[in-house]
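Numbering (our numbering), first residue to last: 18 to 232.
Glycine residues also receive a C-beta, built at the ideal position from the N, C-alpha and C atoms.
Model, not experiment: these values are computed from the prediction.
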Amino acid sequence: MKNIIFVAPPAAGKGTVSNFLTEKYGYIHISTGDLLRDARNNNDEIAKTITELMDSGKLVSDEIVLELLKRCIDNMDKSKKFILDGFPRNIAQANTLDDLFNELNITDYAVIYLDIDFDEALKRTLGRITCPNCKKGYNKYSTELKPKIDGICDNCGCSLITRSDDSEETFKIRFDNYMNETKPVLDYYKDKYKLVTISAKQDINNIYNSVEGVI
Ligand SMILES: [Zn+2]
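Quick look at the structure:
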């Protein structure tokens, strides 16, 4: 099996595919967002620095993220492979990640890009509904994820609500920013013959099959 760098626009289904890989193949899911949140809870210098930066609304430097990544991969069960999620977001980060991989002697990895167009991503995002009671998530436009009865939670029978932060406008900004930022990263890995593009528009089982073909 290969380590994976997972790149996907909002609403492409990265979470679903990550869960599939962790459950079926024992992948370790490394999200840089989670790493930062966890690191704040430690009682050390890095935790102090991160807390100060985040509390003052500043971005945490790539050096810190890299250091956390390094610790995480170093401490990982070496018989397992990882999925890296949320990093790299730009060329500078891709370069520093190369250095880290060299240092840790990681050569066997693939970059999986879950490709989705704006209209499809928007539809999925606007289709997201959740149960205010048990928090279960659904999607009214997905055959696999829609509730059995329209607008009603399968678990507890409560009325489902739309996620309030998902307006078309905010989603477009989020999606465009992501694409602008990520496009150069995709080109970078394409040039290194590490990039595999999988269409997120297919049936979920076809996506799983494609991903299994890569790993
Ligand atoms: Zn419920």
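>> One question on the structure: do I133 and A29 come within less than 7 Å of each other, judged by their Cβ atoms?
In response: Position 116 of the sequence shown, counted from the start, is the residue given in the question as residue 133. Position 12 of the sequence shown, counted from the start, is the residue given in the question as residue 29. It is a contact, given that the beta carbons lie within the stated cut-off.
> Which of helix, strand or coil does DSSP assign to G154?
Replying inline: Within the sequence shown, the letter at position 137 stands for residue 154. In this structure, G154 counts as strand in the three-state DSSP scheme.
> If you run the structure through DSSP and keep just helix, strand and coil, what is D132?
Replying inline: Here residue 132 is taken as the residue at index 115 of the sequence shown, counted from 1. In the structure shown, D132 sits in a strand (DSSP, three-state: E or B).
> Does the beta-carbon of P26 have 16 or more other beta-carbons within 10 angstroms, so that it is buried, or is it exposed?
Replying inline: Working through the sequence shown from its first residue, we reach residue 26 at position 9. In this structure P26 is buried. Its beta-carbon is surrounded by 16 or more other beta-carbon atoms within 10 angstroms.
>> Could you give the first and the last residue of the continuous beta strand (DSSP E) run that contains T124?
In response: Numbered from its first residue, the sequence shown carries residue 124 at position 107. If you look at T124, you'll find it isn't in any beta strand (DSSP E); DSSP assigns it neither H nor E.
> Does the Cβ-Cβ distance between R145 and R180 come in under 7 Å?
Replying inline: By one-based count along the sequence shown, residue 145 stands at place 128. By one-based count along the sequence shown, residue 180 stands at place 163. Against a cut-off of 7 Å, the Cβ pair of R180 and R145 comes out as a contact.
>> Quick check: what's the CA-CA separation for D102 versus G168?
In response: Here the question's residue 102 lines up with position 85 in the sequence shown. Here the question's residue 168 lines up with position 151 in the sequence shown. Rounded to the nearest whole angstrom, the CA to CA distance from D102 to G168 is 32 Å.
> For P201, which residues of its own chain have a beta-carbon under 8 Å away from its beta-carbon, when the five flanking residues on both sides are left out?
Replying inline: Taking the first residue of the sequence shown as position 1, residue 201 is located at position 184. Only N107, I108 meet the Cβ criterion.
> For the beta strand (DSSP E) that contains S216, what are its first and last residues?
Replying inline: Numbered from its first residue, the sequence shown carries residue 216 at position 199. From DSSP, the beta strand (DSSP E) with S216 extends over 212-216.
>> If I measure Cβ to Cβ from F99 and keep anything under 6 Å in the same chain, skipping five residues before and after, which residues do I get?
In response: For the purposes of this step, residue 99 is identified with residue 82 of the sequence shown, where counting begins at 1. Cβ neighbours of F99 beyond the five flanking positions: N20, I45, I47.
>> Give me, in chain order, the residues of the same chain whose beta-carbon lies closer than 6 Å to that of V213; leave out the 5 immediate sequence neighbours on both sides.
In response: Taking the sequence shown and counting its residues from 1, the one referred to as residue 213 is at position 196. Counting only Cβ-Cβ distances below 6 Å, and skipping sequence neighbours, we find A127, I129, V231.
> Can you give, in chain order, each stretch of the alpha helix (DSSP H) that sits fully within the region 70-110 and has at least 4 residues?
Replying inline: Segments of the alpha helix (DSSP H) lying fully in the region 70-110: 79-92.
>> Please enumerate, following chain order, all residues with a beta carbon closer than 6 Å to at least one heavy atom belonging to ligand 1.
In response: For ligand 1, the selected residues are C148, N150, C151, K153, C170, N172, C173, C175.
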